[in-house]
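One structure is given below, encoded as structure tokens.
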Amino acid sequence: MAEYLRRRELYVAERKDRLTRAVVTATTAAAVAATVVGVSGAVVGLPTVVAVQTVLGVALVVLALAATRFLRSPSEIESWREDAEAERRTARALDRLVRAGYTVLHDRALADSAGNVDHLVIGPSGAWVVETDAHRGPLRQNRAGLWAGKVPLRAMLGLVTWMGEEVTNHLVAELPDGWQLQAQPVVAFSRAELPHGLALLDGVVLLPAAGVADYILAAGVVLKPLDVAMLVDVGERAFPPYPVDEPAPTWPAMSRLRGMLGR
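All residue numbers for the sequence shown refer to full-length UniProt numbering, where the first residue is 1 and numbers rise by one.
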């Protein structure tokens, strides 16, 4: 969700920068179109009232089309908006874990990376890295990997696996010696259909978004309350809220993300 907000803010700022040029361009286009229509009307002998109405109508149509095109959000922004809405639904489903002694950290920055963790869940059953996927269609697997409908998910799974490893490494680095911890990566599908409702692929748990909280609760108890409190404290410090109003950082680790996304 934070990534969508960042991209929307950048798009709004860019559109504001283009506003003056867009107004000049639209006004010029409307004037040219009106002139052409006016001259054509005079040539064919249109009555003055009809000619004026036609010229004004053409100018208004041109301005309306220009305004619609300028104000329309790009398809990429709309796609990010849909993803953000799916993340919000997952967040609401996870927040009920709080009553069971869990802490849910939403939209957390990943150190040394421009990426973010959708949801980091910490509680009696351990640490969970939950990423939301909003693709549609039934999930299926073949030699080329996992698919949601006609969309390949191999790169997404690789990214989620990497995030789980990074979260584990950062948490363990801040914990006292002797801690044994493995943050479990989970993909919460908000729209795709899982044939059996649950799957485990390359160490990543695949679940419907509505069933993630129940799965975490059913995982059992591996941490004592004091251990949970310590882990939450480390998690909040190691993974601060993802910044929305700052330029996206560039880090050496991003080359690893790009490599995975290119597979």
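Where is the CB? At the ideal position from N, CA and C, for every residue including glycine.
Fair warning: this is a prediction, and the values are worked out from it, not measured in the lab.
- Around the beta carbon of threonine 25, fewer than 16 other beta carbons lie within 10 angstroms, which makes this residue exposed.
- The alpha-carbon of glutamate 166 is positioned some 53 Å away from that of threonine 27.
- Inclusion of arginine 136 and leucine 120 in the CB contact set at 9 Å is not warranted, their separation being larger than that value.
- DSSP places proline 208 within a strand segment (E or B) once states are collapsed to three.
- DSSP places tryptophan 147 in the strand class (E or B) of the three-state scheme.
- With 16 or more other Cβ atoms from the protein chains shown falling within 10 Å of its own Cβ, threonine 132 counts as buried.
- In the DSSP annotation of this structure, the continuous segment of the alpha helix (DSSP H) that includes tryptophan 162 starts and ends at 154-174.
- If you draw a straight line from the Cα of alanine 229 to the Cα of leucine 181, it comes to about 14 Å.
- Annotated three-state conformation of aspartate 133 is strand, per DSSP.
- In this structure, alanine 238 and alanine 91 do not form a Cβ contact; the two beta carbons are roughly 20 Å apart against a cut-off of 8 Å.
- Taken through DSSP and simplified to helix, strand or coil, glutamine 184 comes out as strand.
- For valine 234, the number of other beta carbons within 10 angstroms of its own is at least 16, and it is reported as buried.
- Taking C-beta atoms under 8 Å as the contact rule, threonine 161 and glycine 126 fail to qualify, at a distance of about 17 Å.
- Of the residues assessed, glycine 197 falls on the exposed side of the cut-off, its CB having fewer than 16 other CB atoms within 10 angstroms.
- In its chain, beyond the 5 residues on either side, Arg140 have a beta carbon closer than 6 Å to the beta carbon of tryptophan 147.
- Leaving aside the five residues that flank glycine 149 on each side, the residues in its chain whose CB is nearer than 8 Å to its CB run, in chain order, His135, Arg136, Gly137, Pro138, Ala192.
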